[in-house]
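*Asks:* Protein chains in written order, with my numbering: chain A, 167 to 280; chain B, 91 to 207.
So that we are looking at the same thing, I have put the structure below in structure tokens.
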Amino acid sequence: AQSVTQLGSHVSVSEGALVLLRCNYSSSVPPYLFWYVQYPNQGLQLLLKYTSAATLVKGINGFEAEFKKSETSFHLTKPSAHMSDAAEYFCAVSSNTGGFKTIFGAGTRLFVKA
Amino acid sequence: DAEITQSPRHKITETGRQVTLACHQTWNHNNMFWYRQDLGHGLRLIHYSYGVQDTNKGEVSDGYSVSRSNTEDLPLTLESAASSQTSVYFCASSVNGDGKGDTDTQYFGPGTRLTVL
């Protein structure tokens with residue numbers, strides 16, 4: 167079965183500091199991987215997705231994620247946090263193992279301190 | 091611009107009542123999904139559809155039903171609302187271009203906050 171684990175339900179960084187949100191997945195076959203962001207009182211929107219073209223994926227708002235098959239990880243990073251990055255972030259996986267149904271992680275809430 | 095809308099945005103109902111939440115998309119997507127979002131659980135899939143007349147149960151489908159009579163709409167019905175169904179409900183849609191299922195970006199509606207008293 168496929169699954170996705172986000173390490174840390176809450177992450178706090180200072181404005182200008184590196185953002186690192188961790189995501190590990192389990193899938194026996196190459197997966198499709200996604201990061202979504204949810205701002206307060208809104209639906210989720212796509213930040214970036216991995217579809218086996220390139221292991222380093224660049225998304226919107228300066229975020230990027232690297233697919234590491236050996237570590238089964240897809241961590242999200244941003245070099246310099248901005249106050250507007252405060253939101254909840256969800257990692258998601260879809261693969262043949264799970265019948266190509268998307269499974270979402272529990273989410274990580276990012277706090278940005280001034 | 092294409093969009094996905096949900097109505098109502100807020101609903102308060104009583105235990106035992108039937109409730110229907112509407113979801114309408116103008117993306118012309120084959121795939122449509124209903125999720126519930128609860129603190130500590132992330133998003134959990136309730137039902138999904140890969141096309142007209144196709145519906146499938148997700149991981150938390152008990153007490154919910156859907157029907158897909160056209161491409162644009164996937165209404166979610168709570169047959170007899172329970173307090174455990176108090177939650178925020180999100181509808182989403184995606185393309186199914188490669189025929190595999192759900193491998194592409196999902197587009198989410200703004201959500202419906204449902205309270206069952």
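Note that the Cβ used here is the ideal one computed from N, Cα and C, for glycine as well.
Here the structure is a predicted model, which means the values were calculated and not measured.
Could you pull the start and end residues of the beta strand (DSSP E) that residue 199 (chain A) belongs to?
*Replies:* Segment 198-204, the beta strand (DSSP E) holding residue 199 (chain A).
*Asks:* Note down, in chain order, all residues in the stretch 248-273 of chain A with a beta-carbon under 7 Å from any beta-carbon belonging to chain B.
*Replies:* Result list: 256, 260, 265, 266, 267, 268, 270, 271, 272, 273.
*Asks:* From residue 169 (chain A) to residue 91 (chain B), what distance separates their C-alpha atoms?
*Replies:* In a straight line, the C-alpha of residue 169 (chain A) is about 34 Å away from that of residue 91 (chain B).
*Asks:* Please check if any C-beta of chain B sits within less than 8 Å of the C-beta of residue 187 (chain A).
*Replies:* No, because no Cβ of chain B sits closer than 8 Å to the Cβ of residue 187 (chain A).
*Asks:* If you draw a straight line from the alpha carbon of residue 145 (chain B) to that of residue 117 (chain B), how long is it in whole angstroms?
*Replies:* Residue 145 (chain B) and residue 117 (chain B): Cα-Cα distance of roughly 19 Å.
*Asks:* In angstroms, rounded to a whole number, what distance separates the CA positions of residue 246 (chain A) and residue 185 (chain A)?
*Replies:* For residue 246 (chain A) and residue 185 (chain A), the distance between alpha carbons rounds to 7 Å.
*Asks:* For residue 125 (chain B) and residue 185 (chain B), I'd like the C-alpha separation in whole angstroms.
*Replies:* In a straight line, the C-alpha of residue 125 (chain B) is about 17 Å away from that of residue 185 (chain B).
*Asks:* Applying a beta-carbon distance threshold of less than 8 Å, which residues of chain B neighbour residue 168 (chain A)?
*Replies:* Chain B residues near residue 168 (chain A): none, gap ~12 Å exceeds 8 Å.
*Asks:* Could you give the first and the last residue of the continuous beta strand (DSSP E) run that contains residue 279 (chain A)?
*Replies:* Run containing residue 279 (chain A): 274-279, per the beta strand (DSSP E) assignment.
*Asks:* For residue 121 (chain B), does the count of other Cβ atoms within 10 angstroms reach 16, so buried, or fall short, so exposed?
*Replies:* Classification of residue 121 (chain B): buried, given that the 10 Å Cβ count is 16 or more.
*Asks:* Taking beta-carbon pairs under 8 Å, can you tell me which members of the stretch 214-227 of chain A lie near chain B?
*Replies:* Cβ contacts with chain B: 215, 217.
*Asks:* Below 8 Å on C-beta distance, what does residue 195 (chain B) contact in chain A?
*Replies:* By Cβ distance, chain A contributes 200, 212, 215.
*Asks:* Taking residue 150 (chain B) and residue 172 (chain B) to be in contact with their CB atoms under 8 Å, please state how far apart those CB atoms are, rounded to whole angstroms.
*Replies:* So it is not a contact: roughly 12 Å between Cβ atoms.
*Asks:* Going by DSSP, what residue range makes up the beta strand (DSSP E) through residue 164 (chain B)?
*Replies:* From DSSP, residue 164 (chain B) is part of no beta strand (DSSP E); its letter is neither H nor E.
*Asks:* Within the stretch 102-129 of chain B, note down every full beta strand (DSSP E) run reaching 3 residues or more, in order along the chain.
*Replies:* List check, beta strand (DSSP E) in window: 109-115, 121-128.
*Asks:* Taking residue 210 (chain A) and residue 256 (chain A) to be in contact with their CB atoms under 8 Å, please state how far apart those CB atoms are, rounded to whole angstroms.
*Replies:* Indeed they touch by this definition, with Cβ atoms about 6 Å apart.
*Asks:* Going by C-alpha distance, which of A:201, A:208, A:228, A:226 is nearest residue 216 (chain A)?
*Replies:* Checked all of A:201, A:208, A:228, A:226; the closest Cα to residue 216 (chain A) is A:201.
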